[in-house]
Amino acid sequence: MEPAIFFTVLLYLFSLSHGTAPALATSATTTQQQQRTLPLGGHRPAVAGIAGSKKYEGSSDLVHLRYHMGPVLSSPISINLIWYGRWPLAHQAVIRDFLHSISDASAPSPSVHQWWSTVALYTDQTGANITRSISIAREVYDPLCSRGTALTRLSIQQVIADAVAAHHLPVDHRNGVYLVLTARDVTVQDFCRAVCGFHYFTFPSIVGHTLPYAWVGNSGRQCPDVCAYPFAVPSYMAGTAAMSPPNGDAGVDGMVSVIGHELAELSSNPLVNAWYAGEDPTAPTEIGDLCEGVYGTGGGGGYTGQVSSDGGGRKYNVNGKGGRRFLLQWLWSPVLKACAGPNAVN
Ligand SMILES: *[C@@H]1O[C@H](CO)[C@@H](O)[C@H](O)[C@H]1NC(C)=O
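For the sequence shown, the UniProt record's numbering begins at 1 and goes up steadily by one.
Right under this line is the structure:
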């Protein structure tokens, strides 16, 4: 839920996290967070148990993702988007096309739609699955940054509160999800140091309602090597070449994967009492956290796994609406008990 990247020496911690840089070799350390993370071992290579197949990455009997009895987002999701700061139209189009691709069954395999099918495997105690229907309800623009260019976690809720109070966005308790996207010159508390995005729910004292929301920032200028990996790579990964982004912009293409990660977690753990691993609900390890840095077969330990290249050498692993392509991180499957994605190679 609180995607954060803690990295000490060569270790990315997944517990809070949500960075997109890969897990590297873990060395024994003793802090509480690191201990909680060690069982994940940074996306171990596939366990050869699943019919000897290497199709699924990160398999581990040590991951105890559990259901904590709360709701999942089983009703169709209506996303209310807030574009905070200056957003070029071409960049908006990439993100909008990604969001529209989730419910679009017409794109060729492997598709964004198929990628979401892993999320749809999660159910709540009534047996209801997470929805496969995601649409954009309303969009609002705040190009002049009405709450400033340095946001905190709580001021992000204030941005949502302003949009709701002005009736620019509806209060939608049944289907509404609120997504705040900050432009590349907007700083956010913990952005780049601990998080690339996060999800939570709003507080009645600020917004007047409890509504699930997420924030994702454009890291293109501030820290692409942290939050737009693998389109930029950290200096400690000398020798690993940055990949060419599928839509031509590392910041925006990196955001797409982080938005996917956050939506998957928001849907499976909207009130932070449904699906997560770990004992501590203030630092849950969620279905995206478990597969950070894994984009294809063989991924893990600093290797993205097998992905595709288009004619121009741009990397992607899924197809979307209107011929768009995206590189999305894999997600933890409750059925396979491993990271899974539609571009898996048998
Ligand atoms: C709902 O979840 C169950 C349990 O994971 C799964 O078997 C079923 O295929 C899911 N249904 C859909 C439509 O994804």
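Even glycine gets a Cβ: it sits at the ideal position worked out from N, Cα and C.
query                                                                                                                                                  : result
Going by the beta-carbon positions, is the gap between Asn80 and Gly176 smaller than 8 Å?                                                              : yes
Take Gly220 as the anchor and find which of Tyr213, Ala214, Pro212, Phe231 has the nearest alpha-carbon.                                               : Phe231
Could you say if the segment 271-278 and the segment 316-323 meet the contact criterion of at least three C-beta pairs nearer than 8 Å?                : no
Nearer than 7 Å: is that true of the beta carbon of Ser111 relative to any heavy atom of ligand 1?                                                     : no
Using only the alpha-carbon positions, how far apart do Gly248 and Val216 sit?                                                                         : 19 Å
Following the continuous beta strand (DSSP E) through Val177, name the residue where it begins and the one where it ends.                              : 176-182
Within the continuous alpha helix (DSSP H) that includes Pro224, where are the two ends?                                                               : 224-227
Answer yes or no: the CB of Ala120 versus the heavy atoms of ligand 1, is any distance below 7 Å?                                                      : yes
Given this structure, state the Cα-to-Cα distance separating Asp289 from Leu89, to the nearest angstrom.                                               : 30 Å
Which residues in the same chain have their Cβ closer than 7 Å to the Cβ of Ala183, if we skip the five residues on either side of it in sequence?     : Tyr84, Gly85, Arg86, Trp87, Asn218
Is Ser103 near ligand 1, going by C-beta to nearest heavy atom under 7 Å?                                                                              : no
What separation, rounded to the nearest whole angstrom, lies between the Cα atoms of Val171 and Ile259?                                                : 21 Å
Is the beta carbon of residue 359 sitting closer than 8 Å to the one on Asn343?                                                                        : With the chain running from 1 to 346 in the structure shown, residue 359 is simply not present.
For the alpha helix (DSSP H) holding Trp63, just list the boundary residues, first then last.                                                          : Checking the sequence, you will find Val at residue 63 rather than Trp. Segment: none, Val63 is in no alpha helix (DSSP H) and carries neither H nor E.
Considering only DSSP beta bridges, list what Asp190 is partnered with.                                                                                : Per DSSP, none; premise fails for Asp190.
Could you give the DSSP three-state label for Ser53: helix, strand or coil?                                                                            : For Ser53, the predicted model reports a pLDDT of 35, less than 50, meaning its position is unreliable; a value from the coordinates is still stated below. Coil.
Quick check on Thr30: does DSSP put it in helix, strand or coil?                                                                                       : Summary for Thr30: the model assigns pLDDT 26, below 50, so the residue's position carries little reliability; its value from the coordinates is reported in the next sentence. It is coil, neither helix nor strand.
Beta-carbon separation of Ala137 and Ile130 under 8 Å?                                                                                                 : no
Just verifying my parser: in three-state terms, what is the DSSP assignment at Trp116?                                                                 : helix
Could you tell me the distance, in whole angstroms, from the CA atom of Ala166 to the CA atom of Cys339?                                               : 42 Å
Output yes or no for whether 8 Å exceeds the beta carbon distance between Ala228 and Gly251.                                                           : yes
Comparing C-alpha positions only, which one of Ser155, Arg96, Ser106, Thr126 sits nearest to Met69?                                                    : Thr126
Buried or exposed, going by whether 16 or more other CB atoms sit within 10 Å of the CB of Pro224?                                                     : buried
Pick from Glu279, Met243, Val256, Leu328: whose alpha carbon is nearest that of Lys315?                                                                : Met243
With the cut-off set at 8 Å, would you say Val233 and Ile160 are in Cβ contact?                                                                        : no
Can you give me the Cβ contacts of Gly296 inside the same chain, cut-off strictly under 6 Å, excluding the 5 residues immediately before and after it? : Gly305, Gln306, Val307, Asn317, Asn343
Taking 8 Å as the threshold (C-beta atoms), are Gln222 and Phe198 in contact?                                                                          : no
Who are the Cβ neighbours of residue 350 in its own chain at under 7 Å, not counting the five residues just before and after it?                       : This structure does not reach residue 350, given that the chain is present from 1 up to 346, and the question cannot be answered.
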